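Counting in the working numbering, the sequence shown runs from 112 upward without gaps.
Single-structure report; data block below.
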Amino acid sequence: MIAHRTPTTNRRYYTHDQYLEYRGLKAVEQGKTIGYARVSGVAQKPDLKNQVKALEVYCQTHSIPIDEWIQDIGSGLNYKRKGFNRLMEMVELGYVRRLVIAHRDRFVRFGYSYFEAFCARHNCDIIVLNDDTLSPEHEMVQDLITITTVFSARLHGLRSYKRGIKDAALHQDPH
Numbered sequence: 112m113i114a115h116r117t118p119t120t121n122r123r124y125y126t127h128d129q130y131l132e133y134r135g136l137k138a139v140e141q142g143k144t145i146g147y148a149r150v151s152g153v154a155q156k157p158d159l160k161n162q163v164k165a166l167e168v169y170c171q172t173h174s175i176p177i178d179e180w181i182q183d184i185g186s187g188l189n190y191k192r193k194g195f196n197r198l199m200e201m202v203e204l205g206y207v208r209r210l211v212i213a214h215r216d217r218f219v220r221f222g223y224s225y226f227e228a229f230c231a232r233h234n235c236d237i238i239v240l241n242d243d244t245l246s247p248e249h250e251m252v253q254d255l256i257t258i259t260t261v262f263s264a265r266l267h268g269l270r271s272y273k274r275g276i277k278d279a280a281l282h283q284d285p286h
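Written out as structure tokens, the structure reads:
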């Protein structure tokens, strides 16, 4: 594999297609268009259907054919979501040319700009239906509210966990 060199610093670099070749994969000329939807919990399953329906209507209106739908149920802070990780791998391998999502926070809660840049580096465009741009102050307030909500839920979970351990210790058979 032949390395390219930067003109000013003479540093070596490889293209994405070379990377795929190195991994034994072929670069895809025409990538897929993926529709991605996510809700936080099982109780929100009806919202997931509504989100997918809204994405379908948008795509039909704008003549965007969806090749595959990926749906997740889990926190936007959880980067171990099965569908999300499968999607990120598909983007990395060059299989996805367009990603359609309802809102930035339906994709990820924090670090959207990182994932946006990641997709751009792998020739994947992201279409966001509800792409409200917030002022830095409003965005920070939303982030702080999200952090407070997440850690409050974790604190509650820890209390339940401690209570469960205490109950188990009290009901232990001494024999």
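Cβ coordinates follow ideal geometry from the N, Cα and C atoms, glycine included.
Predicted model, so just to flag it, every value in this text is computed and none were measured.
Grab me the residues of residue i's own chain with a C-beta within less than 7 Å of its C-beta, minus the 5 sequence neighbours each way, in chain order.
i	result
Asn241	Ala213, His214
Glu179	Lys143, Ile145
Thr117	Tyr124
Spatial neighbours of residue i within its chain, please: CB distance less than 6 Å, with the 5 preceding and 5 following residues excluded, ordered by chain position.
i	result
Val124	First, the residue type needs correcting, since residue 124 is Tyr and not Val in the sequence shown. Excluding positions up to five away in sequence, the list reads His115.
Arg209	Thr144, Asp236
What three-state label does DSSP hand residue i in the structure shown?
i	result
Val207	strand
Val202	helix
From this set, the options, which residue's C-alpha is nearest residue i's C-alpha?
i	options	result
Ser186	Ser151, Gly135, Asp236	Ser151
Val202	Tyr133, Arg217, Cys235	Cys235
Met112	Asn121, Thr126, Pro118	Thr126
Tyr133	Asp216, Arg209, Leu204, Arg274	Leu204
Gln182	Pro176, Val163, Arg122, Tyr169	Val163
Go through its chain and collect everything with a Cβ distance to residue i's Cβ below 8 Å, but skip five positions before and after it.
i	result
Ala165	Ala213, Leu240
Leu198	Ile145, Tyr147, Ile181, Val207, Leu210
If you measure from the beta carbon of residue i to each beta carbon in chain B, is any gap under 8 Å?
i	result
Pro157	In the displayed structure, chain B is absent; only one protein chain is listed.
Completely contained alpha helix (DSSP H) runs for the region 136–166, where each covers 4 or more residues: None, since the region 136–166 contains no complete alpha helix (DSSP H) of that length.
Three-pair Cβ contact test at 8 Å for the region 186–194 versus the region 140–155: Contact between the region 186–194 and the region 140–155 is present, because at least three Cβ pairs lie under 8 Å.
Sufficient close CB pairs (3 or more, under 8 Å) joining the region 226–233 to the region 152–165: Contact fails: fewer than three Cβ-Cβ distances are below 8 Å.
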